[in-house]
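**Q** Here it is, the structure in full.
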């Protein structure tokens, strides 16, 4: 024991300092890993302190003994770590993009609940200085002054200069079909072509398909009626815990879905696949839904037991289900451009054979049962 103490006393002070420094670095790395885990999952920044507390409870090494201000377990520390991680991420991304022979952008603008304007940017480039895989990554969220073309253009050009991405390497840009983006005379793409004449522009194909399906519902009164009814079904089940429980019991009693856990989904106008998913979910739980409605809501039960309404619900479940598969193909991270035409022809042919052949609704999943 005495010899061990003597050995410690004989260790140079500089080595003690070095060990303390190494231990502090290990703790900081642990805290940054926790911060990264929280931020990359889009969790509230307050979750960082809770995660630190949990790791401390579990006995994770390098966690502080007490929650002092200097222990880096507060939400302010998480913000600082987030800024540092963002800086390193962007610097590496800028370096990788600058080595690529070209790059392309995916741009969309939106307004949040506080009417703050945003423009999100994704970048597509070739890894390993043009010798690797084509990849697409989030690059930044800009805050233009307004939703005007000039404001969006100024924000984008200024940002590309800020991160040292040469405009001449920009070969393509994908946007939605809004006038502010694709207007012939004053759109963002038109303004960019003044600086980059070779720029190729695309309207998101998944968005175009969603617009077509959405327009069909807006222009046909029967379609609009079923759409409205589907929303009423969701409202009826979601606004009462008692109704939700009754429906859950009925679903389990009918043995519908995996482990009897199917439920009515919410319709989202801005989520491209939601309409088809909603129709499929309603059709699948229809026996249980009608059983509950018969005793709980006679009016809604009467609407849903109408033959034409039932026919349309089953029809949409089949048609929109096919379109959802096609839309998912469009949204793949690295879609095969050469196969897109084949996917479209396949879905078109399936729908033609099912609904325009000699026998209506042949080889369909839901209409045949109806």
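Numbering (full-length UniProt numbering), first residue to last: 1 to 370. Think of the CB as a built atom: it goes at the ideal place given N, C-alpha and C, for glycine as much as any other residue.
1. In the stretch 264-348, which residue ranges form an unbroken alpha helix (DSSP H) of at least 4 residues, counting only runs that do not cross its ends?
2. Determine, using beta carbons only, whether residue 199 and residue 157 come nearer to each other than 8 Å.
3. Quick one, which of 134, 42, 33 and 241 has its alpha-carbon nearest residue 60's?
4. Less than 8 Å between the C-beta atoms of residue 119 and residue 152, yes or no?
5. Is residue 184 helix, strand or coil by DSSP?
6. Determine whether the beta carbon atoms of residue 123 and residue 134 lie at a separation below 8 Å.
7. With a 10 Å radius around its C-beta and 16 neighbouring C-beta atoms as the bar for buried, classify residue 275 as buried or exposed.
8. For residue 126, name the three-state secondary structure that DSSP assigns.
9. Quick check on the burial criterion: 16 or more other C-beta atoms within 10 angstroms. Buried or exposed for residue 339?
10. Quickly, what does DSSP pair residue 137 with across the bridge? List them, please.
11. Write down every uninterrupted run of the alpha helix (DSSP H) in the stretch 145-233 whose length is 4 residues or greater and which is fully enclosed by it, in chain order.
12. Looking at the unbroken beta strand (DSSP E) that takes in residue 108, where does it start and where does it end?
13. Flag this pair as touching only if the stretch 319-339 and the stretch 206-224 have three or more C-beta atom pairs under 8 Å; answer yes or no.
14. Classify residue 260 as helix, strand or coil using the three-state DSSP reduction.
15. Please report the straight-line C-alpha distance between residue 260 and residue 254, rounded to a whole angstrom.
16. For residue 118, which of helix, strand or coil comes out of DSSP?
17. With a threshold of 16 other CB atoms inside 10 Å of the CB of residue 109, please say whether the residue is buried or exposed.
18. Rounded to the nearest angstrom, what separates residue 16 and residue 74 at their Cα positions?
19. Ordered along the chain, which non-local residues of its own chain (more than five positions away) have a Cβ less than 6 Å from that of residue 201?
20. Drop a sphere of 10 angstroms on the beta-carbon of residue 329, count the other beta-carbons inside from all chains shown, and report buried for 16 or more, exposed for fewer.
21. Below 8 Å on the Cβ atoms is my guess for residue 313 versus residue 282; work out the distance and round it to an integer in Å.
22. When the distance is taken between beta carbons, is residue 29 closer than 8 Å to residue 78?
23. Mind reading off the beta-carbon distance from residue 175 to residue 107? Whole number of angstroms is fine, and I expect it under 8 Å.
24. Quick test of your reading: residue 309 and residue 226, contact by CB under 8 Å. State the CB separation rounded to the nearest angstrom.
25. Whose CA, out of 341, 366, 88 and 169, lies closest to the CA of residue 316?
26. Tell me whether residue 81 is buried or exposed, calling it buried when 16 or more other Cβ atoms sit within 10 Å of its Cβ.
27. Kindly identify the DSSP beta-bridge partner or partners of residue 247.
**A** From the atom records:
1. 274-284, 286-296, 298-304 and 307-330
2. no
3. 33
4. yes
5. coil
6. no
7. buried
8. strand
9. exposed
10. 123
11. 149-162, 179-182, 188-195 and 205-219
12. 103-111
13. yes
14. Below a pLDDT of 50, predicted positions are generally treated as unreliable, and residue 260, at 49, falls in that range; no measurement from the model is reported.
15. Because residue 260 carries a pLDDT of 49, less than 50, the predicted location of this residue cannot be relied on, and the following value inherits that uncertainty. Answer to the nearest angstrom: the Cα atoms are 8 Å apart.
16. strand
17. buried
18. Caution applies to residue 16, whose pLDDT of 45 falls short of 50 and renders its modelled position unreliable; the value that the coordinates give is listed next. Cα-Cα distance, rounded: 28 Å.
19. 173 and 189
20. buried
21. 6 Å
22. no
23. 5 Å
24. 7 Å
25. 366
26. buried
27. Answer is none; residue 247 lacks a bridge partner.
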